[in-house]
Amino acid sequence: MTIQTSICPRCGKPTEEGLCPQCRAADVRLLTCRPRVMAVYCPVCESQKRGKTWSDLKVPREDLIAELAVSAVDIHEDAKEIRVTVRSEETGLSRTNCTIEVEATLYSVPVRETCETQILWQKESCDRCSRISGGYYEGIVQVRATNRKINAYEREIATKIAEQIEETLQESGDRFSFISELEESKDGVDVTVGSQHLGQELARGITGALGGRYTTHPKLVGEKEGKALYRITYSIRLPFYQRGDVVVSRGGYFEVREIDGQRLRVFDLQSGMTRTLAEGEVERLLGNTRDAESALVVFTQPDLVGLMDPKTYQTREQSPVPWTFPVEGQPIRVLRDEEQDRLVIVG
Ligand SMILES: [Zn+2]
Ligand SMILES: [Zn+2]
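What follows is the structure, given as structure tokens:
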């Protein structure tokens, strides 16, 4: 048996073939670093541009800096067990200096190198902000009510929903689903939207929350790259009755739970049963449970309950309702029926 040994031509240590691992590792550069990386961002919304594509920045700035710094570095392909550390220092509004330290093994020899790069931040108005500042839009969502003005509650909900849906779509990467204007007029709310997708979602979301229907009215506004360009008006009509309205029908009080066209799904505030009422059966509208007052329960008896009128502080006696249990000393919500001079328990 012969043992083949060779000797490293550089350091003279025994080795299998050619240079020994130490000398090989000493011979290669672990890192090569480009001195500069360019980072284009939108000064208005902080979107980042990669290649030709804009996207919302979803990572903290520190992580972005680390990512950009690492993108400037090439690590030798034979390196294994690589660990990278980035230190950065802002040296001006548009410059960040980065030191990248890499620890790795090369041919089983531990090595460590550092290099420097500089991130140059460049401002550019992004695709979305350019559209917004250029007045671009694809539709208007108009929120109105049937035979009445929309109320403060509906304004608030419509606005909230619009903002929530915009945020959700933007977060999912739909950059052009922006609201460029949210205007409160005396008739209702007008939402100007950057995409038909957003318009559609708003019409659905708002009628889903407040009831009613919507119709779409497209209008041809021009042509773009051979395709017809439409702007769509989403015309929302909130129903005359709203959820939480208390209506009077044949001497009974009913809370509106759902509105389906001309039919109301109602809760009988006396019996606690649910039933359907046609709009035509409604005699008058008492108010909405949102505006209920709080009345103190003074006493409870099997067939009688005493409530302190929150306006006059006098005790009113009335029959209890089977679907709720008034507790002495606790408040209960009531609506006032001025016409019948009584308090209606709404729960
Ligand atoms: Zn050697
Ligand atoms: Zn922007």
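In this text, residue positions in the sequence shown follow our numbering: the first is 191, and each later residue adds one.
Backbone N, C-alpha and C define an ideal beta-carbon position, used for all residues, glycine too.
{"Asked": "Mapping DSSP to helix, strand and coil, what is Pro211?", "Found": "helix"}
{"Asked": "Would you mind working out which of Lys339, Ala399, Arg427 sits nearest Gly434, comparing C-alpha positions?", "Found": "Ala399"}
{"Asked": "Buried or exposed: Phe444, going by 16 or more other Cβ atoms within 10 Å of its Cβ?", "Found": "buried"}
{"Asked": "Where does Arg147 fall in DSSP's three states?", "Found": "For residue 147 there is no data in the structure shown, the boundaries of the chain being 191 and 537."}
{"Asked": "Label Gly329 either buried or exposed according to how many other C-beta atoms from any shown protein chain fall within 10 Å of its C-beta, with 16 as the threshold for buried.", "Found": "buried"}
{"Asked": "Can you pull every residue whose C-beta falls closer than 5 Å to some heavy atom of ligand 2, listed in chain order?", "Found": "Cys232, Val234, Cys235, Ser237, Cys316, Cys319"}
{"Asked": "From which residue to which residue does the beta strand (DSSP E) around Gly132 run?", "Found": "Beyond the ends of the chain as shown, which are 191 and 537, falls residue 132; an answer cannot be given."}
{"Asked": "Using only the heavy atoms of ligand 1, determine whether one of them is closer than 7 Å to the beta carbon of Cys213.", "Found": "yes"}
{"Asked": "Under 7 Å Cβ to Cβ from Glu142, same chain only, skipping five residues before and after it: list those, please.", "Found": "This structure gives no information on residue 142, because the portion of the chain shown stretches from 191 to 537."}
{"Asked": "Among Thr479, Pro300, Ala485, Thr514, which one has its Cα closest to the Cα of Thr505?", "Found": "Ala485"}
{"Asked": "What would DSSP say about Asp268, mapped onto helix, strand or coil?", "Found": "coil"}
{"Asked": "If you drop the 5 nearest sequence neighbours on each side, which residues of the same chain put their C-beta closer than 8 Å to that of Gly384?", "Found": "Arg318, Arg321, Ile322, Tyr326, Tyr327, Glu328, Phe366, Ser367, Phe368, Ile369, Ser370"}
{"Asked": "Measure the CB-CB distance between Ile340 and Gly378 and report whether it falls below 8 Å.", "Found": "yes"}
{"Asked": "On a Cα-Cα basis, can you pick out the residue from Pro233, Thr195, Tyr231, Glu267 that is closest to Leu221?", "Found": "Glu267"}
{"Asked": "Taking buried to mean at least 16 other C-beta atoms within 10 Å of its own C-beta, is Asn478 buried or exposed?", "Found": "buried"}
{"Asked": "Please report how far the alpha carbon of Thr307 lies from the alpha carbon of Gly402, in whole angstroms.", "Found": "59 Å"}
{"Asked": "Please classify Pro233: is it buried, with 16 or more other beta-carbons within 10 angstroms of its beta-carbon, or exposed?", "Found": "exposed"}
{"Asked": "Who are the near neighbours of Glu518 in its chain, counting only those whose CB is closer than 8 Å to its CB and skipping five residues on each side?", "Found": "Val487, Val488, Phe489, Thr490"}
{"Asked": "Taking C-beta to C-beta, are Glu293 and Arg277 nearer than 8 Å?", "Found": "no"}
{"Asked": "Assign Ser237 to buried or exposed, taking buried as 16 or more other Cβ atoms, counted over all protein chains shown, within 10 Å of its Cβ.", "Found": "buried"}
{"Asked": "On the CB-based measure, 16 or more other CB atoms within 10 Å of its CB, does Thr283 come out buried or exposed?", "Found": "Checking the displayed sequence, the identity of residue 283 turns out to be Leu instead of Thr. The residue in question, Leu283, is exposed, as its Cβ has fewer than 16 Cβ neighbours within 10 Å."}
{"Asked": "Would you call Ile535 buried or exposed, if buried means 16 or more other Cβ atoms sit within 10 Å of its Cβ?", "Found": "buried"}
{"Asked": "What residues in its chain sit with their C-beta under 8 Å from that of Arg219, if we drop five residues either side in the sequence?", "Found": "His266, Glu303"}
{"Asked": "Since Leu428 and Glu391 are thought to touch, with beta carbons under 8 Å apart, how far apart are those beta carbons, to the nearest angstrom?", "Found": "With a Cβ gap of about 17 Å, Leu428 and Glu391 do not count as contacting."}
{"Asked": "Less than 6 Å between C-beta atoms, sequence neighbours within five positions excluded: which residues of the same chain meet that for Thr514?", "Found": "Gly537"}
{"Asked": "Applying the criterion that 16 or more other CB atoms from any shown protein chain within 10 Å of the CB defines a buried residue, is Glu344 buried or exposed?", "Found": "buried"}
{"Asked": "From this set, Pro516, Glu373, Gly442, which residue's C-alpha is nearest Asp527's C-alpha?", "Found": "Gly442"}
{"Asked": "Since Thr295 and Glu271 should fall inside the 8 Å C-beta cutoff, what is the C-beta to C-beta distance between them, to a whole number of angstroms?", "Found": "5 Å"}
{"Asked": "Of all the alpha helix (DSSP H) runs that stay within the bounds of the region 292-336, which reach a length of 4 or more residues?", "Found": "317-323"}
{"Asked": "Can you list, in chain order, the residues of its chain with a C-beta nearer than 6 Å to that of Ala229? Leave out the 5 residues immediately preceding and following it.", "Found": "Leu258, Ile309, Trp311"}
{"Asked": "Counting contacts by CB-CB distance shorter than 8 Å, is Gly442 in contact with chain B?", "Found": "The question asks about chain B, but that chain is absent: this structure has only one protein chain."}
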